[in-house]
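For the protein sequence lines, the chains are A and B, in the order given. For the first sequence, the numbering used here assigns the number 1 to the initial residue and increments by one for each residue that follows. For the second sequence, the numbering used here assigns the number 141 to the initial residue and increments by one for each residue that follows. For every residue, glycine included, the Cβ atom is placed at its ideal position computed from N, Cα and C. It should be emphasised that the depicted structure is a prediction, and the values quoted were computed from it without experimental measurement. This report concerns only the one structure given below.
2 protein chains.
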Amino acid sequence: MPKKKRSPQRRSGCPLNASVEVLGDRWSLLIIRDMMLRGFRNYKEFLESYEGIATNILADRLRKLEAHGIIATEPDPSDGRKLIYSLTSKGIDLAPVLAEMVLWAAGHEDTGNQALVRQIRKDKEQFLTAVRQRWAAKTT
Amino acid sequence: MPKKKRSPQRRSGCPLNASVEVLGDRWSLLIIRDMMLRGFRNYKEFLESYEGIATNILADRLRKLEAHGIIATEPDPSDGRKLIYSLTSKGIDLAPVLAEMVLWAAGHEDTGNQALVRQIRKDKEQFLTAVRQRWAAKTT
DNA sequence: CATATTACTTGTTAAATGCAAGTTAAAATA
DNA sequence: TATTTTAACTTGCATTTAACAAGTAATATG
């Protein structure tokens, strides 16, 4: 069962507010996207991602995401300089949120990556299953 | 058919990034929640909402949400001082995003409003239908 | 007419973000 | 083995955004 951390300085107990406090900034969800959909697993990959996050902001967001239990960190056994970042089950559970945000933007804003949009539209459940399986394969 | 505005200064064409650029801050989704779930329709109600938004930030977010076509503004015929804010169909289409964010936080964070969570869990589609109908009733 | 209400704006201060450069440890290369 | 590269950061500083407090203009109410 998932452990739920009590957060004393929450603005309110509303679950939407909790999500906003954890994810409501300009970078966190993009990092999660890169892990979930592109399989990124280390610092340099995130840094080079298209939107261009600054290195201090990336370090800060990775720290916060780990503190919230959304990602986990482990040393790379094949390279002592690298760390491997991975999504926890709490992080993988964000797949439906990402999926709905993608569908909303694809329907109302001018966006690209139609392949992804089509995949999600075709069958949402199947998309979620694919994400989970993809992740399970990587971590085993 | 919805009109899709071209945004020249987007960081990328990724639809998730588009959503993050429009909604990725600490207040926008809470304002939308207040309209969608609590039926708030004017400035003072938003201001008095539990999380305590500052008045200049509220004015700024309402302006931006309107510019993005998520909400609409009209004068209140019964009181010349008031404006009535309402969700557009683009705004109502955010219901699935909000629903998934509520479910995620309810499952992984320490939150309240279990009535809402139960309602969404019970039947997601029914929840969405209820939101849409509730809104249609108000605007007609 | 006096007071109150609504939807704001205008300072000012504090915090978050962005940019450039520097640091440390490990790995690859000459 | 000495030197160079690479990875994952940190540090310092400028800029942008958010928060807090106070004020204002246009109604409305008593």
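Report the three-state DSSP secondary structure of residue i (helix, strand or coil).
{"i": "residue 183 (chain B)", "result": "helix"}
{"i": "residue 226 (chain B)", "result": "strand"}
{"i": "residue 74 (chain A)", "result": "strand"}
{"i": "residue 191 (chain B)", "result": "coil"}
{"i": "residue 231 (chain B)", "result": "helix"}
{"i": "residue 79 (chain A)", "result": "coil"}
{"i": "residue 129 (chain A)", "result": "helix"}
{"i": "residue 200 (chain B)", "result": "helix"}
Would residue i count as contacting chain A if we go by Cβ distances under 8 Å?
{"i": "residue 226 (chain B)", "result": "no"}
{"i": "residue 230 (chain B)", "result": "yes"}
{"i": "residue 234 (chain B)", "result": "yes"}
{"i": "residue 188 (chain B)", "result": "no"}
{"i": "residue 244 (chain B)", "result": "yes"}
{"i": "residue 152 (chain B)", "result": "yes"}
{"i": "residue 271 (chain B)", "result": "no"}
{"i": "residue 203 (chain B)", "result": "no"}
{"i": "residue 179 (chain B)", "result": "no"}
{"i": "residue 166 (chain B)", "result": "yes"}
{"i": "residue 191 (chain B)", "result": "yes"}
{"i": "residue 265 (chain B)", "result": "no"}
{"i": "residue 198 (chain B)", "result": "no"}
{"i": "residue 247 (chain B)", "result": "yes"}
Is residue i buried or exposed, if buried means 16 or more other CB atoms sit within 10 Å of its CB?
{"i": "residue 38 (chain A)", "result": "exposed"}
{"i": "residue 28 (chain A)", "result": "buried"}
{"i": "residue 235 (chain B)", "result": "buried"}
{"i": "residue 192 (chain B)", "result": "exposed"}
{"i": "residue 63 (chain A)", "result": "exposed"}
{"i": "residue 159 (chain B)", "result": "buried"}
{"i": "residue 78 (chain A)", "result": "exposed"}
{"i": "residue 197 (chain B)", "result": "exposed"}
{"i": "residue 106 (chain A)", "result": "buried"}
{"i": "residue 225 (chain B)", "result": "buried"}
{"i": "residue 21 (chain A)", "result": "buried"}
{"i": "residue 251 (chain B)", "result": "buried"}
Is the shortest distance between the beta-carbon of residue i and the beta-carbons of chain B less than 8 Å?
{"i": "residue 18 (chain A)", "result": "yes"}
{"i": "residue 111 (chain A)", "result": "yes"}
{"i": "residue 33 (chain A)", "result": "yes"}
{"i": "residue 128 (chain A)", "result": "no"}
{"i": "residue 77 (chain A)", "result": "no"}
{"i": "residue 30 (chain A)", "result": "yes"}
{"i": "residue 100 (chain A)", "result": "yes"}
Could you check where the alpha helix (DSSP H) with residue i kicks off and where it finishes?
{"i": "residue 107 (chain A)", "result": "95-108"}
{"i": "residue 168 (chain B)", "result": "168-178"}
{"i": "residue 10 (chain A)", "result": "Neither: residue 10 (chain A) is in no alpha helix (DSSP H) and is coded neither H nor E."}
{"i": "residue 253 (chain B)", "result": "Unbroken run through residue 253 (chain B): none, as it is neither H nor E."}
Ordered along the chain, which non-local residues of its own chain (more than five positions away) have a Cβ less than 6 Å from that of residue i?
{"i": "residue 130 (chain A)", "result": "none"}
{"i": "residue 222 (chain B)", "result": "182 and 216"}
Can you name, in chain order, every residue of its own chain whose Cβ lies under 8 Å from the Cβ of residue i, other than the five neighbours on each side?
{"i": "residue 99 (chain A)", "result": "120, 124, 127 and 128"}
{"i": "residue 30 (chain A)", "result": "49, 51 and 53"}
{"i": "residue 176 (chain B)", "result": "227, 231, 232, 234, 235, 238, 271 and 275"}
Using C-beta distances below 7 Å, list every residue in its chain close to residue i, excluding the 5 sequence neighbours before and after it, in chain order.
{"i": "residue 135 (chain A)", "result": "87 and 92"}
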